[in-house]
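K.L.:
The opening residue of the sequence shown carries number 1 in full-length UniProt numbering; numbering runs sequentially from there.
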Amino acid sequence: MKKVININFQGRVIPIEETAFELLKQYIESLRKYFAREEGRDEIINDIESRIAELFSEQLKKGSTCITDEGVNTVIASMGRPEDFEAEAADDMGSQRSSTAGEQQQTGGQSGPPPQYASTNTRGRGRLYRNEDDKILGGVASGLANYMGIDPVIMRIIFVLLVAPLFWVYILLWIIVPSKSIQTNITKRLYRSADDKVISGVCGGLAAYFNIDTWIPRLIFALPLILGLISGPFNFWWNDWDFWHGPKIITGSLGTTLFFTYIILWIAVPVALTASEKLEMRGEKVDLNSIRDTVKEEMESFRSKAEKWGQEVKQSAAQMGERAKEFGQSASSGAKSFSAEAGSLGRSGGSGFGHAIGVLVKAFLLFIGGALALVLFALLVGLLFGGFAFFPLKDFFIGGFWSNIMAWGVLLLFLGIPIVALLTWLIRRIAGVRSKNRFLGFAFGTLWAIGLICVILLMASVSKQFRTRSAIENKTVLAMPATNKLQVDVVNNQSGYYSSDWFGNDDRDWPFHAVNPDTITLNTVRLDVVKSNDSDFHLSTVRFSRGSTPEEARRLAEKVSFDPVQEDGVLKLPRNFAVSRHEKFRNQQVLVVIEVPVGKRIEMDHSVREYGWFDLRVNRRGFEFEDNWNHTYWIETGKEYIMTEKDGPKKIEDLDADELKAGNYVPKDRDRDKKRESNSQSENKKENKTENKRDSISADSNGKYRYKPGADRKNQPAASKDTVQNTRNETI
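#1: Which residue's Cα is closest to the Cα of Gln-465: Gln-589, Thr-549, Ala-208?
#2: What's the gap between the Cα of Glu-132 and the Cα of Ile-150?
#3: Judging by CA-CA distance, which residue of Gly-80, Lys-639, Ser-181, Met-643 is the nearest neighbour of Gly-63?
#4: Report back the beta-carbon spacing between Ala-53 and Arg-12 to the nearest angstrom; my notes put them in contact at under 8 Å.
#5: Can you pull the DSSP bridge partners for Ser-580?
#6: Go through its chain and collect everything with a Cβ distance to Asp-658's Cβ below 6 Å, but skip five positions before and after it.
#7: According to DSSP, is Arg-81 helix, strand or coil?
#8: Taking the alpha carbon of Pro-224 as the reference point, which residue from Phe-259, Leu-31, Leu-556, Cys-203 has its own alpha carbon closest?
#9: To the nearest angstrom, how far is the alpha carbon of Val-72 from that of Phe-9?
#10: Can the beta-carbon of Ile-472 be found less than 8 Å from the beta-carbon of Arg-586?
#11: Count the other CB atoms within 10 Å of the CB of Thr-483; is the residue buried (16 or more) or exposed (fewer)?
#12: Cα-Cα, which of Val-596, Lys-531, Ile-267, Asn-492 is closest to Phe-444?
#13: Just to confirm the assignment, what range does the beta strand (DSSP E) spanning Gly-547 have?
#14: Can you tell me the Cα-Cα spacing of Gly-663 and Lys-600, whole angstroms?
#15: Tyr-611 and Arg-526 look like a contact to me (Cβ under 8 Å); what is the Cβ gap, rounded to whole Å?
#16: In whole angstroms, what is the alpha-carbon distance linking Arg-127 and Leu-173?
#17: State the start and end residues of the unbroken beta strand (DSSP E) segment that holds Pro-574.
#18: So, using beta-carbon positions, are Tyr-641 and Glu-583 closer together than 8 Å?
#19: Using the three-state DSSP reduction, which class does Ile-176 fall into: helix, strand or coil?
#20: Pull the bridge partners of Val-488 from the DSSP assignment, please.
#21: With 16 other CB atoms within 10 Å as the buried threshold, where does Lys-531 fall?
#22: Across which residues does DSSP place Gln-589 in a beta bridge pair?
#23: What does a CB cutoff of less than 6 Å around Gly-204 pick up in its chain, not counting 5 residues either side in sequence?
#24: From this set, Glu-558, Pro-667, His-606, Val-271, which residue's C-alpha is nearest Leu-206's C-alpha?
#25: Let's see if you can read the secondary structure: which residues bound the beta strand (DSSP E) around Leu-412?
#26: Please find out if some non-hydrogen atom of the ligand PLP comes closer than 7 Å to the beta-carbon of Ile-216.
#27: Determine the direct distance from the alpha carbon of Leu-458 to that of Asp-654, and round the result to whole angstroms.
#28: Which two residues bound the contiguous alpha helix (DSSP H) that contains Asp-47?
#29: Could you give the distance in angstroms between the alpha-carbon of Glu-18 and the alpha-carbon of Lys-33?
#30: Could you name the residues of the same chain whose beta carbon sits closer than 6 Å to that of Ala-20, not counting the 5 residues immediately before and after it, in chain order?
#31: Considering only the alpha carbon of each residue, which of Asp-534, Phe-167, Asn-523, Glu-567 lies closest to Arg-575?
#32: With respect to the alpha helix (DSSP H) encompassing Val-140, which residues constitute its N-terminal and C-terminal limits?
#33: Just how far apart, CA to CA, sit Ile-263 and Thr-257?
#34: For Arg-156, which of Val-140, Trp-168, Tyr-147, Val-169 has the nearest alpha-carbon?
#35: Would you say Leu-571 and Val-477 are within 8 Å of each other, going by their C-beta atoms?
#36: By how many angstroms is the C-alpha of Ser-50 removed from the C-alpha of Leu-273?
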């Protein structure tokens with residue numbers, strides 16, 4: 001057995017065999033000798049060590065318990081040995097000298113065609129496999145990405161965005177396609193560019209990955225903003241461009257989607273800081289010479305920028321000399337510490353995107369966790385967009401500068417930050433990125449805590465406005481209907497020309513209905529039916545409202561306009577009542593109490609169902625007032641009722657008609673009615689049976705039987721009819 005030790009290599013704890021560690025030390029020492037005369041030797045060696053550490057991490061993720069001699073030799077073969085590059089350099093110089101001598105010996109004529117080089121990528125795609133070394137849920141996306149030669153993170157994002165149509169495709173591929181450990185051949189990765197950036201380098205990274213000009217993704221992300229700025233004057237004069245819906249589509253949902261996409265990519269995609277990461281971003285081979293060339297280019301670029309900045313500072317003014325010296329010193333120290341800082345900030349996830357999650361948990365547990373995260377995300381999105389849908393009503397609930405600031409804090413920080421955090425976590429898991437930087441989590445936590453404070457302060461401010469409750473009562477004696485029956489209908493008292501579909505539902509299903517941007521209507525009305533103390537119909541309307549003080553609540557209750565109208569036997573009630581933006585919503589309500597005298601009738605139309613009653617109570621200090629209503633009753637709409645002395649309103653169809661004419665409210669005897677109906681049916685069957693039997697003995701001249709109604713009834717005894725009649729009278 002070989003001895004295994006743990007080493008701290010470029011910020012990573014690597015278990016490695018002792019003999020393999022000796023091979024690694026010899027290789028790094030040979031690199032130091034090879035780059036001894038190179039400018040920026042320490043930076044080159046540091047970047048090479050960072051790349052070696054990434055390759056070691058990939059081996060450990062694939063199931064290796066430690067780094068062996070074979071693993072070190074594999075890494076050295078992929079990076080290249082110094083002696084191999086020295087031999088290649090000697091061969092190149094020899095070929096150049098031979099070519100030069102050949103050209104000197106030529107006397108003229110056209111040169112031959114340039115030599116043709118065979119492509120190094122001669123291996124075909126082969127068979128499709130699921131990648132068991134780099135997987136989150138089955139390894140389907142990683143296998144497809146390796147088969148198509150693209151970054152696995154791109155394929156995973158496609159499946160996430162198109163989860164609805166591609167869900168069953170993913171499941172079928174998971175079942176059908178076999179799993180295998182695949183040697184990845186992907187050399188291009190998605191990073192943010194640290195050199196080509198305006199804000200965060202997202203567009204520069206996308207341009208490098210797709211090998212396009214940087215201005216193309218920048219134009220795509222900036223186009224909605226540009227069109228929004230152009231459409232601003234038209235929105236002011238032509239009311240949001242109602243004559244053409246194009247700008248709304250471009251600057252609306254698409255602009256919001258691109259904005260959040262940019263923010264999420266900014267947060268989730270790492271920056272290419274090391275030389276190996278920059279080579280991966282451009283899709284170039286990562287070896288000793290490529291890392292050396294990249295470091296040299298960075299140093300040359302940094303030196304040229306420093307010299308240019310220094311000249312500009314010197315030429316600006318004499319008093320800027322001290323600042324130029326300070327800048328030169330900071331630039332020099334920055335150049336020396338460039339590699340160490342870049343290495344510490346490098347991505348620790350390696351090229352095995354998403355592999356850590358697939359190793360730590362099983363697919364079933366990951367599916368359950370993903371489902372729970374999806375439910376939580378959907379809940380937060382519903383609350384967020386529900387808050388946006390509710391925002392037009394904000395001015396009817398709160399007022400003042402600080403209340404509005406707290407409302408925006410609740411929407412953007414308390415609800416928006418968890419959504420952004422979940423998206424960031426999801427994309428980082430997909431991309432296999434694990435950052436040791438705790439600043440992002442601290443920033444999310446701080447912003448969400450501020451949002452929570454906004455929630456508490458806003459709830460305290462709003463609840464204060466609903467602290468007390470007051471009521472105003474009006475009583476009216478109704479005219480006696482000619483038919484002794486009162487019909488109650490609900491009529492529409494608003495024009496309804498303004499769109500009020502805030503919640504995406506039928507307006508009648510909600511208590512809030514918009515008349516115009518400054519006025520809403522409420523249908524918080526309740527109807528109660530009680531027995532009148534005299535022989536007249538009475539109508540009482542009680543208008544309720546809440547407020548910060550009893551005086552404020554009473555003032556708002558007085559402003560509630562609810563005026564019923566009687567037209568003979570029909571009592572017409574307004575469908576709703578208005579509340580303005582200045583009065584604010586304070587749970588205004590109307591209680592309609594109809595007093596019905598004994599023996600009189602009442603019927604509620606089906607339109608009464610449009611009323612909706614609810615109460616918002618901050619504490620248990622409810623409002624109480626004196627009344628003479630001992631009992632209230634609930635009655636069914638579309639049914640006629642009659643008020644009784646002791647039992648309240650009774651449904652007409654449930655009372656015996658004959659007893660009702662006599663002034664008695666006796667329920668129907670349903671068993672007696674069923675018995676009466678059964679006796680009647682049996683008598684009819686008996687009579688039909690007797691007639692059919694008599695017809696069977698009566699034949700015509702052709703020998704056929706026929707029915708002769710009334711022929712035999714003349715011979716029936718008269719007593720039979722009297723018996724039936726007497727029986728019916730006794731039954732009644």
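Cβ coordinates follow ideal geometry from the N, Cα and C atoms, glycine included.
P.N.:
Concretely, from the data shown:
#1: For the options Gln-589, Thr-549, Ala-208, the alpha carbon positioned closest to that of Gln-465 is the one of Thr-549.
#2: Those two C-alpha atoms are separated by around 17 Å.
#3: For Gly-63, the nearest C-alpha among the options comes from Ser-181.
#4: Between Ala-53 and Arg-12, the beta carbon gap of about 5 Å places them in contact (Cβ cut-off 8 Å).
#5: Per DSSP, the beta-bridge partners of Ser-580 are Thr-519.
#6: Answer for Asp-658: no residue qualifies.
#7: Residue state for Arg-81 is assigned as coil, using DSSP reduced to three classes.
#8: The shortest C-alpha to C-alpha distance from Pro-224 to any of Phe-259, Leu-31, Leu-556, Cys-203 is the one to Phe-259.
#9: Val-72 and Phe-9: Cα-Cα distance of roughly 14 Å.
#10: In this structure, Ile-472 keeps its C-beta atom at 8 Å or more from the C-beta atom of Arg-586.
#11: So Thr-483 counts as exposed.
#12: Ile-267 is the residue among Val-596, Lys-531, Ile-267, Asn-492 whose C-alpha sits nearest the C-alpha of Phe-444.
#13: Following the DSSP letters along the chain, one finds Gly-547 inside the beta strand (DSSP E) bounded by residues 537-547.
#14: Rounded to whole angstroms, Gly-663 and Lys-600 show a C-alpha spacing of 11 Å.
#15: With a Cβ gap of about 7 Å, Tyr-611 and Arg-526 count as contacting.
#16: Cα-Cα distance, rounded: 13 Å.
#17: Per DSSP, the unbroken beta strand (DSSP E) holding Pro-574 starts and ends at 570-574.
#18: In this structure, Glu-583 does not lie closer than 8 Å to Tyr-641 by Cβ.
#19: DSSP, reduced to helix, strand and coil, places Ile-176 within a helical segment of the structure shown.
#20: Within the DSSP bridge table, the entry for Val-488 names Leu-571, Met-604 as partners.
#21: Per the 10 Å Cβ criterion, buried.
#22: According to DSSP, Gln-589 shares a beta bridge with Phe-544.
#23: Only Ser-193, Asp-196, Lys-197, Thr-214 meet the Cβ criterion.
#24: Out of Glu-558, Pro-667, His-606, Val-271, Val-271 has the C-alpha closest to the C-alpha of Leu-206.
#25: No beta strand (DSSP E) holds Leu-412; DSSP gives it neither H nor E.
#26: The model depicted lacks the ligand PLP and carries no ligand whatsoever.
#27: Approximately 53 Å between the Cα atoms of the pair.
#28: Looking at the DSSP string, the run of the alpha helix (DSSP H) that includes Asp-47 is 41-61.
#29: For Glu-18 and Lys-33, the gap between their C-alpha atoms comes out near 23 Å.
#30: Excluding residues within five positions, the ones whose Cβ falls inside 6 Å are Ile-67, Thr-68, Asp-69, Val-72.
#31: Shortest Cα-Cα distance from Arg-575 to any of Asp-534, Phe-167, Asn-523, Glu-567 involves Asn-523.
#32: First-last of the alpha helix (DSSP H) with Val-140: 140-148.
#33: Using only the alpha carbons, I get a separation of about 10 Å.
#34: Arg-156 has its Cα closest to that of Val-140, out of Val-140, Trp-168, Tyr-147, Val-169.
#35: Against a cut-off of 8 Å, the Cβ pair of Val-477 and Leu-571 comes out as no contact.
#36: Taking the straight line joining both Cα atoms gives about 11 Å.
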